[in-house]
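Comments concern the structure below.
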Amino acid sequence: MAEKPTTLSEQKRLAILEAARDAFREKGVQGTSMDALAGRAGVSKRTVYNHFPSKEALVLQLLAQYQETARQRLHVKYNAGKPLEPQLLTLVGSEIELACDPDYLELARLAAGHFFYRPEALRQRAGELNLTDNSLVRWLEEAASDGQLSLDDPGFVADLLRHLVQGACLWPQLMGLAAVPSSDEQRRIADEAVAMVLARFRIG
């Protein structure tokens, strides 16, 4: 993960997250108790609750960690001197790479199963974490400001693009309806998604 513990408290927090990740894989979220997590992490149950008030908080923090790691790997800013297509392909490719990551997919599957009947818990906890990467929105905004794209609502277009990608690279796999796309398939998905967006919104 991207985090580097520098204090005893941070070390314990990461130990809890690592224990939760392993326990959730083995027993599922419902089958894992906070007592068991404390034992795995080598900390007291009180310490677990001091860092994470619920299993929901742990699940979402683990997802947020994966997303933050992906953000740190990606340093794409809008470049007015370069063609739009390769820039957008890099951004979309990063979304696909995250969605196809086996560890992320496994955790997302656990989260989906746990929160399916707990939408209120998901809304409450998700609001406390930054689970949305705004890199794509910022890029679209800057491309529109540069007169390259005609966009009234960059956030809406970013969501549409993500839904298009996730419809091929995330949800079918979460439901067990399809295998993770191959590298060639991932490239094709990225190419087609970018081509559709640019065909609709590019000026000129």
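Counting in my numbering, the sequence shown runs from 2 upward without gaps.
All C-beta atoms, glycine included, are put in the ideal place defined by N, C-alpha and C.
Exercise. What are the boundary residues of the alpha helix (DSSP H) that includes residue 185?
Worked result: That run of the alpha helix (DSSP H) goes 184-202.
Problem set entry | Backbone secondary structure at residue 2 - three-state DSSP | Here residue 2 scores only 46 on pLDDT, less than 50, and its place in the model is too uncertain to base an answer on.
Exercise. Mind checking residue 180: buried by the 16 CB within 10 Å criterion, or exposed?
Worked result: Flag for residue 180 reads exposed.
Exercise. Rounded to a whole number of angstroms, what is the C-alpha to C-alpha distance between residue 164 and residue 96?
Worked result: Going from the Cα of residue 164 to the Cα of residue 96 covers about 11 Å.
For this session: Would you mind stating whether residue 16 and residue 24 have Cβ atoms separated by less than 8 Å?
Result: It is not a contact, given that the beta carbons lie outside the stated cut-off.
For this session: Determine, using beta carbons only, whether residue 64 and residue 92 come nearer to each other than 8 Å.
Result: Inclusion of residue 64 and residue 92 in the CB contact set at 8 Å is not warranted, their separation being larger than that value.
Exercise. Assuming residue 13 contacts residue 44 under a Cβ cut-off of 8 Å, what Cβ separation, rounded to an integer in Å, is found between them?
Worked result: Their Cβ separation, rounded to whole angstroms, is 5 Å, which keeps residue 13 and residue 44 in contact under 8 Å.
Problem set entry | Cross-strand partners of residue 150 (DSSP beta bridge) | Residue pairing by DSSP places residue 150 opposite 203 in a beta bridge.
For this session: Kindly indicate the opening and closing residues of the alpha helix (DSSP H) around residue 119.
Result: Residue 119 -> no alpha helix (DSSP H), and no H or E assigned at all.
For this session: Indicate whether residue 88 and residue 140 have their beta-carbon atoms separated by less than 8 Å.
Result: Contact check for residue 88 against residue 140 passes: the beta carbons are separated by less than 8 Å.
For this session: Spell out a yes or no on whether the region 150-166 and the region 179-199 are touching, meaning 3 or more CB-CB pairs, one atom from each, closer than 8 Å.
Result: A contact exists between the region 150-166 and the region 179-199.
Exercise. If you run the structure through DSSP and keep just helix, strand and coil, what is residue 102?
Worked result: It is coil, neither helix nor strand.
Exercise. In the structure shown, what three-state DSSP assignment does residue 10 receive?
Worked result: Of the three classes helix, strand and coil, the one that applies to residue 10 here is helix, per DSSP.
Problem set entry | Supposed close pair residue 169, residue 155 - CB separation, criterion 8 Å | Approximately 22 Å separates the beta-carbon atoms of residue 169 and residue 155; this is outside 8 Å, ruling out the contact.
Problem set entry | Distance, residue 121 Cα to residue 53 Cα | Cα-Cα distance, rounded: 18 Å.
For this session: Measure the Cβ-Cβ separation of residue 49 and residue 39 and say whether it is below 8 Å.
Result: Yes; because the gap between Cβ atoms is below 8 Å, this pair is in contact.
Exercise. Tell me which same chain residues have a C-beta within less than 7 Å of the C-beta of residue 86, skipping the five on either side of it?
Worked result: Result list for residue 86: 195, 199, in chain order.
Exercise. Taking the alpha-carbon positions, what's the residue 90 to residue 146 distance?
Worked result: Rounded to whole angstroms, residue 90 to residue 146 spans 19 Å at the Cα level.
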